[in-house]
Amino acid sequence: MKTLKYLYTFSIALLLIFGCTEDNDLSFVDKVVAPSDVSATFKVTQDNTGVVNITPNAVGASNYNITFGDDTTEPVNVIQGEGITHTYKEGSYVVIIEAVGITGLTTEVNQNLEVSFKAPENVAVSISNDIAVSKQVNVTANADFAVSYDVYFGEPGIDDPVSANIGEPISYTYQEPGTYTIRVVVMGAAIATTEYTEEFEVTEILQPIASAPAPPNREETDVISLYSTQYTNVPGTNFFPDWGQGGQGSSWAEFDLNGDMMLQYINLSYQGIALADGTSIDVSGMKYLHLDVWTADEGLKIETSLINNASGNVTEKPVWSDLTAGEWTSIDIPITDYTDQGLTVTEIFQMKFVGDPWAAGTVFIDNIYFYKPSTVAEVPEYNAPSPTQNEANVVSIFSDSYTNVGLSELNPNWGQTTTLTTVDLNGNNIWLYEALNYTGIVTDYGNPTDLSAMDYVHFDYFTPDAEKLGLKIVNTVVSQEGVVFIDKIVRGTWVSVTIPISKFNIDASQVTQLLFDTDGGSAKVYIDNLYFYSESSIQPEVIAPVPTIAQNDVISIYSDAYTGVTLNEVNPNWGQTTTLTDFSVDGDNIWLYQALNYSGIVTDYGNPTDLTGVKYLHFDYYTPDATNLGFKIVNTALDPVQEDIVFLSEILTGTWVSVTIPLSDYNLDFSNITQLVWDTSGGSATVYVDNIYFHN
Numbered sequence: 126m127k128t129l130k131y132l133y134t135f136s137i138a139l140l141l142i143f144g145c146t147e148d149n150d151l152s153f154v155d156k157v158v159a160p161s162d163v164s165a166t167f168k169v170t171q172d173n174t175g176v177v178n179i180t181p182n183a184v185g186a187s188n189y190n191i192t193f194g195d196d197t198t199e200p201v202n203v204i205q206g207e208g209i210t211h212t213y214k215e216g217s218y219v220v221i222i223e224a225v226g227i228t229g230l231t232t233e234v235n236q237n238l239e240v241s242f243k244a245p246e247n248v249a250v251s252i253s254n255d256i257a258v259s260k261q262v263n264v265t266a267n268a269d270f271a272v273s274y275d276v277y278f279g280e281p282g283i284d285d286p287v288s289a290n291i292g293e294p295i296s297y298t299y300q301e302p303g304t305y306t307i308r309v310v311v312m313g314a315a316i317a318t319t320e321y322t323e324e325f326e327v328t329e330i331l332q333p334i335a336s337a338p339a340p341p342n343r344e345e346t347d348v349i350s351l352y353s354t355q356y357t358n359v360p361g362t363n364f365f366p367d368w369g370q371g372g373q374g375s376s377w378a379e380f381d382l383n384g385d386m387m388l389q390y391i392n393l394s395y396q397g398i399a400l401a402d403g404t405s406i407d408v409s410g411m412k413y414l415h416l417d418v419w420t421a422d423e424g425l426k427i428e429t430s431l432i433n434n435a436s437g438n439v440t441e442k443p444v445w446s447d448l449t450a451g452e453w454t455s456i457d458i459p460i461t462d463y464t465d466q467g468l469t470v471t472e473i474f475q476m477k478f479v480g481d482p483w484a485a486g487t488v489f490i491d492n493i494y495f496y497k498p499s500t501v502a503e504v505p506e507y508n509a510p511s512p513t514q515n516e517a518n519v520v521s522i523f524s525d526s527y528t529n530v531g532l533s534e535l536n537p538n539w540g541q542t543t544t545l546t547t548v549d550l551n552g553n554n555i556w557l558y559e560a561l562n563y564t565g566i567v568t569d570y571g572n573p574t575d576l577s578a579m580d581y582v583h584f585d586y587f588t589p590d591a592e593k594l595g596l597k598i599v600n601t602v603v604s605q606e607g608v609v610f611i612d613k614i615v616r617g618t619w620v621s622v623t624i625p626i627s628k629f630n631i632d633a634s635q636v637t638q639l640l641f642d643t644d645g646g647s648a649k650v651y652i653d654n655l656y657f658y659s660e661s662s663i664q665p666e667v668i669a670p671v672p673t674i675a676q677n678d679v680i681s682i683y684s685d686a687y688t689g690v691t692l693n694e695v696n697p698n699w700g701q702t703t704t705l706t707d708f709s710v711d712g713d714n715i716w717l718y719q720a721l722n723y724s725g726i727v728t729d730y731g732n733p734t735d736l737t738g739v740k741y742l743h744f745d746y747y748t749p750d751a752t753n754l755g756f757k758i759v760n761t762a763l764d765p766v767q768e769d770i771v772f773l774s775e776i777l778t779g780t781w782v783s784v785t786i787p788l789s790d791y792n793l794d795f796s797n798i799t800q801l802v803w804d805t806s807g808g809s810a811t812v813y814v815d816n817i818y819f820h821n
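Numbering (the numbering used here), first residue to last: 126 to 821.
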């Protein structure tokens with residue numbers, strides 16, 4: 126029989142080879158994995174003969190090798206979908222099921238089998254309502270001297286039982302809730318069986334047990350939110366104005382699902398939302414109205430009406446949506462569905478929900494907001510900044526700029542949803558992770574990477590939607606791991622990240638795994654220039670990362686890479702101690718601030734710089750001793766003068782650090798910018814600065 130096993134696998138392999146000779150494409154073989162979910166069903170003949178039918182099953186298996194576990198030493202081969210019959214003596218056995226995939230990959234499991242000619246004894250039956258599926262009942266039976274069991278669920282018109290191996294669960298969904306007689310028949314190899322009967326109340330789930338899908342990360346300017354924890358909501362909104370519907374049996378509440386709040390409208394005739402008195406919102410610039418709705422009621426529909434109050438003329442128009450019982454229904458209504466009915470949407474002050482059937486169903490509603498397609502770039506148009514570290518000081522994982530270490534696995538299957546592809550961007554290779562929750566990078570378990578001499582880890586990321594992103598470093602030799610999450614995610618542009626190795630708090634001498642982690646999120650993330658390096662001089666020995674953004678997308682203040690705006694003054698005398706000199710590293714001009722407490726940069730008072738519509742501020746700094754550093758932007762054209770400052774959350778010393786700050790972090794009018802100011806918040810530090818520019 127062993128010969129049959131290997132001949133069968135060999136013949137499959139030959140079929141694969143000859144079947145693919147036409148185009149010589151065997152790439153699909155790389156995607157084939159070993160069979161999974163391997164099991165076998167035992168069905169014993171109840172006549173004291175010990176005859177057992179074994180039916181194996183698995184995902185991705187073409188055939189099976191069954192080892193019976195008794196005196197029969199050779200395994201028997203069974204084709205997918207078929208079973209095998211074998212006669213046992215009384216006793217306990219371990220049956221081995223080896224599932225064989227089409228490429229010869231195998232997965233093996235063991236299952237216990239007890240053959241006894243005694244009637245099953247010590248029967249223990251568990252019957253429970255499923256906590257997640259409405260009207261579903263789960264049954265598990267255990268007993269001595271038993272092989273399998275049948276369950277008769279007692280629903281009228283359903284006479285056939287559902288069968289399983291002893292100890293394995295059985296699930297059944299009823300048409301209606303109520304009390305049913307559930308009969309369990311436990312069987313072994315004996316003629317006699319043992320039965321258990323219970324009157325069981327089947328229940329219906331009438332409220333959500335899981336939160337609505339989390340809204341995507343959007344820019345605040347792309348959303349007008351009424352009710353959502355993801356966005357800033359319009360203040361003062363009344364979610365239960367009632368409008369006289371309480372008299373028809375309709376009611377309302379705010380439902381708390383483990384701290385997640387949502388609106389609940391009970392026996393919905395109509396209920397609604399009213400903005401604060403005198404308040405309205407203009408949604409003409411939005412493309413969709415979104416809401417998530419949950420109901421337990423079959424066949425329920427919901428009408429969502431927008432009510433406008435343009436110049437005191439109140440008008441409303443409805444849109445109907447079907448709901449799926451027992452799950453969240455995500456609804457996205459185009460604003461044109463309202464405007465095409467003649468509704469003006471510039472002064473929306475109320476929203477109305479109507480149930481069909483009338484006053485007969487209950488709905489839970491969350492995430493009510495208007496939105497337009499994201500103004501954040503979905504894909505990078507230009508490359509990440511070019512690294513400039515000396516390769517002798519670098520251990521590179523993934524970068525076209527360096528020789529990379531060997532990698533054993535990328536995105537190995539550890540149960541994540543993430544997919545990984547390599548993308549060519551302007552001739553440069555980058556990684557694209559989609560649906561990223563977490564993903565692994567395995568170097569070499571047999572030859573760990575020694576990072577003990579490295580000071581920092583660097584990588585560049587670009588994401589349109591991530592909310593969190595962290596990097597984990599793992600030493601599997603001593604079972605140590607450490608993760609560091611980025612303080613704030615910036616979306617829609619390349620962001621350079623530098624993290625001291627010391628923050629991971631692990632033995633870095635034998636690193637075997639790296640992982641990107643979104644802390645339970647799901648995001649699209651591009652990665653480039655993932656490497657470790659050493660750098661700890663009191664002054665920079667290499668130039669800052671070289672910018673790659675096109676000149677026409679940049680308003681440059683100071684950079685050899687771009688033509689900049691005119692500067693009237695640099696470090697003007699405003700009473701500070703700071704001195705400023707020009708410094709050069711390998712021919713690259715940079716500014717050196719010494720004894721920096723604060724220092725100004727004046728563009729042109731007569732010709733202010735217009736940053737309206739520009740999204741990001743960028744600069745690179747290098748410091749041996751600063752503990753605080755902020756960047757202030759000033760509009761002196763206004764009276765009073767407008768200014769705002771953003772301080773960095775963390776200062777790294779002894780390395781170039783690239784900083785990207787969304788201008789949305791500043792609260793001011795960007796149309797007439799005349800001053801930029803460095804500030805150490807009262808400190809006195811040495812700071813080298815390069816590549817100060819604004820960009821989209």
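Glycine is no exception: its CB is placed at the ideal position from the N, C-alpha and C atoms.
Boundaries of the alpha helix (DSSP H) in which residue i is found, first to last residue
{"i": "threonine 318", "result": "Neither: threonine 318 is in no alpha helix (DSSP H) and is coded neither H nor E."}
{"i": "threonine 704", "result": "Premise fails: threonine 704 lies in the beta strand (DSSP E), 704 to 710, not in any alpha helix (DSSP H)."}
{"i": "threonine 464", "result": "461 to 464"}
Cβ neighbours of residue i in the same chain (closer than 6 Å, five flanking residues each side left out)
{"i": "valine 250", "result": "Ala266, Val309 and Tyr321"}
{"i": "phenylalanine 474", "result": "Leu400, Ser405 and Asn434"}
{"i": "glutamate 428", "result": "Pro443, Trp445 and Val479"}
{"i": "valine 519", "result": "Tyr527, Tyr656 and Tyr658"}
{"i": "glycine 807", "result": "none"}
{"i": "valine 874", "result": "The shown model of the chain, from 126 to 821, leaves out residue 874, and the question about it has no answer."}
{"i": "tryptophan 453", "result": "Ala337, Asp417 and Trp419"}
Residue i, enclosing beta strand (DSSP E) - first and last residue
{"i": "aspartate 653", "result": "648 to 658"}
{"i": "threonine 612", "result": "A small fix is needed here, since residue 612 is aspartate in this sequence, not threonine. Counting along the chain, aspartate 612 falls outside any beta strand (DSSP E), and DSSP gives it neither H nor E."}
{"i": "asparagine 363", "result": "Here asparagine 363 belongs to no beta strand (DSSP E), and DSSP marks it neither H nor E."}
{"i": "tryptophan 445", "result": "438 to 447"}
{"i": "alanine 578", "result": "Run containing alanine 578: none; DSSP gives neither H nor E here."}
{"i": "serine 377", "result": "Contrary to the premise, residue 377 reads as tryptophan rather than serine in this sequence. Residues 376 to 382."}
{"i": "methionine 386", "result": "385 to 391"}
{"i": "serine 724", "result": "723 to 727"}
{"i": "methionine 411", "result": "Methionine 411 -> no beta strand (DSSP E), and no H or E assigned at all."}
{"i": "glutamate 559", "result": "553 to 561"}
{"i": "serine 405", "result": "Unbroken run through serine 405: none, as it is neither H nor E."}
{"i": "glutamine 638", "result": "638 to 642"}
Close-in-space but distant-in-sequence residues of the same chain around residue i (CB under 8 Å, 5 per side omitted)
{"i": "serine 353", "result": "Pro340, Asp491, Asn492, Ile493 and Tyr494"}
{"i": "threonine 212", "result": "Thr174, Gly175, Val176 and Val177"}
{"i": "asparagine 760", "result": "Pro733, Val766, Gln767, Glu768, Leu793, Asp794, Phe795, Ser796, Asn797, Ile798 and Thr799"}
{"i": "threonine 210", "result": "Val176, Val177, Asn178 and Ile179"}
Cβ-Cβ separation, residue j to residue i (assumed contact under 8 Å), whole Å
{"i": "proline 505", "j": "tryptophan 619", "result": "6 Å"}
{"i": "methionine 411", "j": "isoleucine 458", "result": "Actually they do not touch by this definition, with Cβ atoms about 11 Å apart."}
{"i": "leucine 596", "j": "phenylalanine 641", "result": "6 Å"}
{"i": "leucine 721", "j": "serine 809", "result": "7 Å"}
{"i": "valine 802", "j": "tyrosine 718", "result": "Actually they are not in contact, since the Cβ atoms of valine 802 and tyrosine 718 sit about 12 Å apart, beyond 8 Å."}
{"i": "asparagine 792", "j": "aspartate 764", "result": "The Cβ separation is near 17 Å, so there is no contact."}
{"i": "phenylalanine 242", "j": "alanine 314", "result": "6 Å"}
{"i": "alanine 727", "j": "asparagine 698", "result": "With the sequence shown as reference, residue 727 is identified as valine, and alanine is not the correct amino acid for it. That belief does not hold up - the Cβ atoms of valine 727 and asparagine 698 are roughly 12 Å apart, past 8 Å."}
{"i": "proline 245", "j": "valine 311", "result": "4 Å"}
{"i": "glycine 689", "j": "asparagine 562", "result": "Glycine 689 to asparagine 562, Cβ: 42 Å. No contact."}
Residues of its chain near residue i, where Cβ-Cβ distance is below 7 Å and the 5 sequence neighbours each way are ignored
{"i": "isoleucine 316", "result": "Gln171, Asp172 and Asn173"}
{"i": "asparagine 816", "result": "Ala669, Pro672, Ser684, Ala686, His743, Phe744 and Asp745"}
{"i": "alanine 289", "result": "Ser273, Tyr274 and Ile295"}
Short CB-CB distance (under 8 Å) between residue i and chain B
{"i": "serine 533", "result": "Considering every chain present, this structure includes no chain B. It has just one protein chain."}
Flag this pair as touching only if the region 414 to 430 and the region 514 to 533 have three or more C-beta atom pairs under 8 Å; answer yes or no. Not touching, per the Cβ criterion.
Does the region 331 to 339 come close enough to the region 273 to 290 to have 3 or more Cβ pairs within less than 8 Å? Contact check between the region 331 to 339 and the region 273 to 290: fewer than three CB pairs, one atom from each, fall below 8 Å, which does not count as touching.
Do the region 533 to 540 and the region 731 to 742 make contact, defined as three or more Cβ pairs closer than 8 Å? Counting Cβ pairs under 8 Å, fewer than three are found: no touch.
Quick check for students: name the residue ranges of the alpha helix (DSSP H) that lie wholly in the region 224 to 279, counting only runs of 4 or more. None, since the region 224 to 279 contains no complete alpha helix (DSSP H) of that length.
Length-filtered (3 minimum) beta strand (DSSP E) runs lying within the region 325 to 352: DSSP runs (the beta strand (DSSP E)) wholly in the region 325 to 352: 348 to 352.
Which whole runs of the beta strand (DSSP E) in the region 773 to 813 are 3 residues long or more, in chain order? As far as the region 773 to 813 is concerned, its whole beta strand (DSSP E) runs of at least 3 residues are 782 to 787 and 800 to 804.
Between the region 646 to 665 and the region 556 to 565, can you find at least three pairs of beta-carbon atoms closer than 8 Å? Verdict: yes, contact present.
Evaluate the contact criterion for the region 616 to 634 versus the region 774 to 783: three or more CB pairs, one atom per stretch, below 8 Å. With the cut-off at 8 Å, the region 616 to 634 and the region 774 to 783 touch.
What ranges does the alpha helix (DSSP H) occupy inside the region 446 to 519, keeping only unbroken runs of at least 4 residues that lie completely in it? DSSP runs (the alpha helix (DSSP H)) wholly in the region 446 to 519: 461 to 464.
Could I get the ranges of all uninterrupted beta strand (DSSP E) runs contained in the region 282 to 312, with 3 residues as the minimum, in chain order? DSSP runs (the beta strand (DSSP E)) wholly in the region 282 to 312: 287 to 290, 295 to 298 and 303 to 312.
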